[in-house]
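Beneath this line is the structure, given in structure tokens, with notes to follow.
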Amino acid sequence: MMLLKHPKTSQLIEINEFWLRDHCRCGECLNLVTKQRRYDVLDLPANVMPLSVKYEGMNLQVHWSDAHQSSYDLDFIFDSQLESLKGRRSKSSNLTPWNRSIILQNERHLRFQLPQLVSSDSEVRSLVESLVRYGIVFIDDVAPTANMTELALRRVFPLMKTFFGEMWTFSDNPDHADTAYTKLYLGSHTDNTYFCDAAGLQALHCIEHSGAGGENFFADGLHVVHELRRRYPAAYDVLCRVQVPGEYIEKGENHRHSAPIIQVDPLTQDFVQLRLNVYDRAVFNTIPQSEMAEFYESLRQLLLIVRDKEQQWALKLCPGSIVLFDNWRVLHGREAYTGSRTMTGSYVQRTDFLSKARVLGIIE
1 MMLLKHPKTS QLIEINEFWL RDHCRCGECL NLVTKQRRYD VLDLPANVMP LSVKYEGMNL
61 QVHWSDAHQS SYDLDFIFDS QLESLKGRRS KSSNLTPWNR SIILQNERHL RFQLPQLVSS
121 DSEVRSLVES LVRYGIVFID DVAPTANMTE LALRRVFPLM KTFFGEMWTF SDNPDHADTA
181 YTKLYLGSHT DNTYFCDAAG LQALHCIEHS GAGGENFFAD GLHVVHELRR RYPAAYDVLC
241 RVQVPGEYIE KGENHRHSAP IIQVDPLTQD FVQLRLNVYD RAVFNTIPQS EMAEFYESLR
301 QLLLIVRDKE QQWALKLCPG SIVLFDNWRV LHGREAYTGS RTMTGSYVQR TDFLSKARVL
361 GIIE
């Protein structure tokens, strides 16, 4: 191990020699255009060692035993350590947990007009920033058609293709084996618990509704999980640990995946994803029967918080307004309805959502 001292802060860190050699950023080791490594780990001698080390201002000059010369930015080395990464993630203030009263106070930050989005990149940035912070936004002044809905969404993100298609339009016709394709009450849930990688965002646009009911409701999974951890820490631990299987089966499709209902960052233990869908639960066989009572009690405690009226933001989705929300965070549902109701929508991959936020400088 090498002991390094930061010239300005006097911070001391110990660095593994192979890690340092592996992180040389010169043009021989890193393709400066593609930002990809030029070599395999096996191309470096396992016992590579520094022959000489020299500080030059904020740079570190190293002559290696494999005859390579490296020049390192010391800030890069210090910022690339585990503790620095954990510190940056823990200090993030991008997320605002909300319940009904909090989101109603901030609704003005969630509304965006399609004409302004089309003409202004800064408006796009503001939308993505609000989507990161609150997990939900609306795009208004959109003609109630699938084509215009797609145009509005593609202004911000590429769309995710699934067996539903890139864009999908649904009513109460049973086109798929999904409760959404009925007029029935649909409780709060997240989508795609049966996918290995659930959609990051979901968009919904009510194209027409001639009837009564059908009000939508949303709940912030981030706030819900914080409440669960505060009130019932044992239940929180169970739901972070137990693998819960989900499935989707129809002719030509058979999707299955198991993961905990609550997923956290393994470094900071901060919330990452709420994976909750009581409709798509498969046969539950991932824990012994002796642990079932504890699991079901934990799930009940979570669901009671989700269904608390103070957690639920109810509103009527009307033609002309797209709702776009974080499917890893925000739960959605709807009341039963009568008459004819047609919805169109789409998914966005999580990686594309986060990539856009990074490119715009909103998240690290």
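Take the sequence shown: its position 290, counting from 1, is numbered 290 in the UniProt record's numbering, and each next residue is one higher.
Note that the Cβ used here is the ideal one computed from N, Cα and C, for glycine as well.
- Under a 10 Å Cβ-count criterion, residue 191 is classified as buried, with 16 or more other Cβ atoms of the shown protein chains found around its own Cβ.
- Membership of residue 60 in the beta strand (DSSP E) is indicated by the continuous run 59-64.
- The C-beta separation of residue 124 from residue 131 comes to about 11 Å, leaving the pair out of contact by the 8 Å criterion.
- If you check the CB distance, residue 339 and residue 187 do not come in under 9 Å.
- Shortest Cα-Cα distance from residue 259 to any of 205, 307, 272 involves 272.
- Measuring C-alpha to C-alpha distances from residue 52 to each of 106, 66, 43, 45 identifies 66 as the nearest.
- Taking 3 residues as the minimum length, the beta strand (DSSP E) runs contained wholly in the region 120-191 are 136-140, 167-170, 186-189, in order along the chain.
- Bounds of the alpha helix (DSSP H) holding residue 226 are 221-231.
- Setting aside the 5 residues that flank it on each side, residue 164 has no residue in the same chain whose C-beta is closer than 6 Å to its C-beta.
- For the region 32-58, the full-length beta strand (DSSP E) segments reaching 3 residues or more read 50-56 along the chain.
- Here DSSP, grouped into helix, strand and coil, assigns residue 235 to helix.
- Excluding the 5 residues flanking it on each side, residue 226 has same chain C-beta neighbours closer than 7 Å at 97, in chain order.
- For a cut-off of 8 Å, the C-beta gap from residue 320 to residue 118 is around 15 Å, too long to register as a contact.
- The beta-carbon distance between residue 275 and residue 287, rounded to whole angstroms, is 16 Å. This is too long to meet the 8 Å contact definition.
- A residue is called buried once 16 or more other Cβ atoms fall within 10 Å of its Cβ, and residue 55, having fewer, is exposed.
- Comparing C-alpha distances from residue 203 to each of 197, 209, 216 shows the shortest one belongs to 216.
- Exclusion of the five residues before and after residue 144 leaves 205, 206, 207, 208, 319, 320 as the residues of its chain whose Cβ lies within less than 8 Å of its Cβ.
- Burial check for residue 152: the Cβ neighbour count within 10 Å reaches 16 or more, so the residue is buried.
- Residue 240 and residue 32 have their C-alpha atoms some 40 Å from each other.
- The shortest C-alpha to C-alpha distance from residue 158 to any of 332, 356, 363 is the one to 356.
- Residue state for residue 115 is assigned as helix, using DSSP reduced to three classes.
- Between residue 305 and residue 311 a beta carbon distance of about 6 Å is seen, short of the 8 Å cut, so the two are scored as contacting.
- According to DSSP, residue 245 shares a beta bridge with 258.
- Pairing residue 61 with residue 72, the inter-Cα distance amounts to about 7 Å.
- Excluding five sequence positions before and after residue 133, the CB atoms of its chain that fall closer than 7 Å to its own CB belong to 94, 95, 96, given in chain order.
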